[in-house]
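Below is one structure; the comments refer to it alone.
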Amino acid sequence: MAIATGGWDTLTLRRVGRTFGETEALVDLDLTVRSGELVALLGPSGCGKTTALHCLAGLIPLTHGEILIDGERVDTVAAERRGFGVVFQDYALFPHLTVEGNVAFGLQMRG
2 MAIATGGWDT LTLRRVGRTF GETEALVDLD LTVRSGELVA LLGPSGCGKT TALHCLAGLI
62 PLTHGEILID GERVDTVAAE RRGFGVVFQD YALFPHLTVE GNVAFGLQMR G
């Protein structure tokens, strides 16, 4: 799950792709999300859902394509300046916190 904490109107992923060596983990993803929309990425294991979110959050760089917020390119901006985060399904969750607490943790750390 990715969480946008900034105020934006349109998020655009244009021909976003990521390869790891010879493996194409994400191929030419086109997606537009408008502020207030709820979007779910669905697909089988290995289809690129997590890779797309990691690219959006800036955890891994794109191999090709671009990510734009309100028409401004952000895939070249440092991860900590993008305003996006990722809440992992396993391992990185705090077992003593609720779902809400785990999601809110990063936002609380940012103030």
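In terms of the working numbering, the sequence shown is residues 2 to 112. Don't be surprised by glycine CBs; every beta carbon is placed ideally from N, CA and C. Treat the numbers as computed from the prediction; the structure is a model and nothing was measured.
Less than 7 Å between the beta carbons of residue i and residue j, yes or no?
| i | j | result |
| --- | --- | --- |
| residue 27 | residue 49 | yes |
| residue 70 | residue 30 | no |
| residue 35 | residue 66 | no |
| residue 86 | residue 58 | yes |
In whole angstroms, what separates the C-alpha of residue i from that of residue j?
| i | j | result |
| --- | --- | --- |
| residue 106 | residue 84 | 14 Å |
| residue 5 | residue 17 | Any answer about residue 5 is weak, because its pLDDT of 49 lies below 50 and its placement is not dependable; what the coordinates show is given next. Residue 5 and residue 17: Cα-Cα distance of roughly 18 Å. |
| residue 82 | residue 110 | 14 Å |
Alpha helix (DSSP H) containing residue i: first to last residue?
| i | result |
| --- | --- |
| residue 64 | Segment: none, residue 64 is in no alpha helix (DSSP H) and carries neither H nor E. |
| residue 58 | 50–58 |
| residue 104 | 100–111 |
What first and last residue would you give for the beta strand (DSSP E) that runs through residue i?
| i | result |
| --- | --- |
| residue 25 | 24–35 |
| residue 95 | Run containing residue 95: none; DSSP gives neither H nor E here. |
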